[in-house]
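Peer 1: Per the working numbering, residue 32 is the first one in the sequence shown, and the count goes up by one each step. Glycine included, every Cβ here is placed at the ideal spot set by N, Cα and C. As the structure is a prediction and not an experimental result, all values here were calculated from the model. The structure follows.
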Amino acid sequence: MPGDGQVTLLLQAVRGGDDGALGTLFTLLYRELREIAHRQLGGGSLGTTAVVHEAYLKLLGSEKLSAEDRGHFFALAARVMRQILVDHARARRAHKRGGGALHLPLDELLAAAPDPDASAHALLDLDAALARLEALDSRLSRLIELRFFGGFEMEEAATILGFTARTLRRDWRKARAFLYAELYAGGDGEVAP
């Protein structure tokens, strides 16, 4: 595993316009990125390698890579992978011209990605709920994104977001309650302070 200092220097080079630095960064962090993608995919039909490579291409094509350190880079990579999975789910749903809503227990949805045929609707519903949560409380949305899509433990998410793990445990309960209300109770998942 490369050191944090080396990753930070590469991120600075990327921000400074060094075209080769992002490739070097991905090469150094490839194993960890594959682990994140694998956790997100479960038994999905989209391959781990394909997700990592598509994330690389999206980041390569982005105007500005704003990550400052290892944690922020992995948070950004998790967000890009989420977008890839949502795009893939939309394509699957459009291809199948799917019908009714899928209902999965929230714990199951947040614990691991369900099978690929069932996951398209669930992932799209989750993505829409996260967009609504983002509009209300971006910290809660980022926490769900880091935990579910990034596979980060609470302590790692706390470091990335700059809050204590205790604060984020309270946020985790609020975020899960919001998502439960959005996904299963008719969409009035108001976030309480």
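Quick one: using the 10 Å Cβ neighbour count with 16 as the cut-off for buried, is A216 buried or exposed?
Peer 2: Burial call: exposed.
Peer 1: Which two residues bound the contiguous alpha helix (DSSP H) that contains S172?
Peer 2: Element bounds for S172: S169 to I175.
Peer 1: If you count every other CB in all the chains shown that lies within 10 Å of the CB of S172, and 16 or more means buried, which is it?
Peer 2: Classification of S172: buried, given that the 10 Å Cβ count is 16 or more.
Peer 1: Relative to the C-alpha of D49, which candidate in E63, G34, T80 and L91 has its C-alpha closest?
Peer 2: Among E63, G34, T80 and L91, the Cα nearest to that of D49 is on L91.
Peer 1: Might you give, ordered along the chain, the residues of its own chain that have their beta carbon closer than 6 Å to the beta carbon of V83, omitting 5 neighbours on each side?
Peer 2: Contacts found: L64, R65 and A68.
Peer 1: Going by DSSP in three states, D158 sits in which element: helix, strand or coil?
Peer 2: Three-state DSSP puts D158 in a helix.
Peer 1: Taking the alpha helix (DSSP H) that F209 falls in, what are its first and last residues?
Peer 2: That run of the alpha helix (DSSP H) goes A196 to Y215.
Peer 1: Please look up how many angstroms separate the CB atoms of F104 and L42, rounded, as I've assumed it's under 8 Å.
Peer 2: The pair is a contact, with the Cβ atoms about 6 Å apart (cut-off 8 Å).
Peer 1: Starting from the Cα of I191, find the closest Cα among G36, L116, R170 and T58 and give me that residue.
Peer 2: Nearest C-alpha to I191: R170.
Peer 1: I believe A206 touches L164 by the beta-carbon criterion, under 8 Å. Please report the beta-carbon distance rounded to the nearest angstrom.
Peer 2: Contact flag correct, Cβ pair sits at about 7 Å.
Peer 1: Roughly how many whole angstroms lie between the Cα atoms of D156 and G102?
Peer 2: Rounded to the nearest angstrom, the two C-alpha atoms are 27 Å apart.
Peer 1: Taking contact to mean at least 3 C-beta pairs separated by less than 8 Å, is the stretch 109-128 in contact with the stretch 198-214?
Peer 2: No, the stretch 109-128 does not touch the stretch 198-214.
Peer 1: Taking only three categories from DSSP, how would you classify F183?
Peer 2: It is coil, neither helix nor strand.
Peer 1: Considering only the alpha carbon of each residue, which of L72, L96 and F183 lies closest to G47?
Peer 2: Selected option, being the one with the closest Cα: L96.
Peer 1: Quick one: does the C-beta of R124 sit closer than 6 Å to a heavy atom of the ligand COA?
Peer 2: Only the bare structure without any ligand can be found here, which leaves the ligand COA out of the picture.
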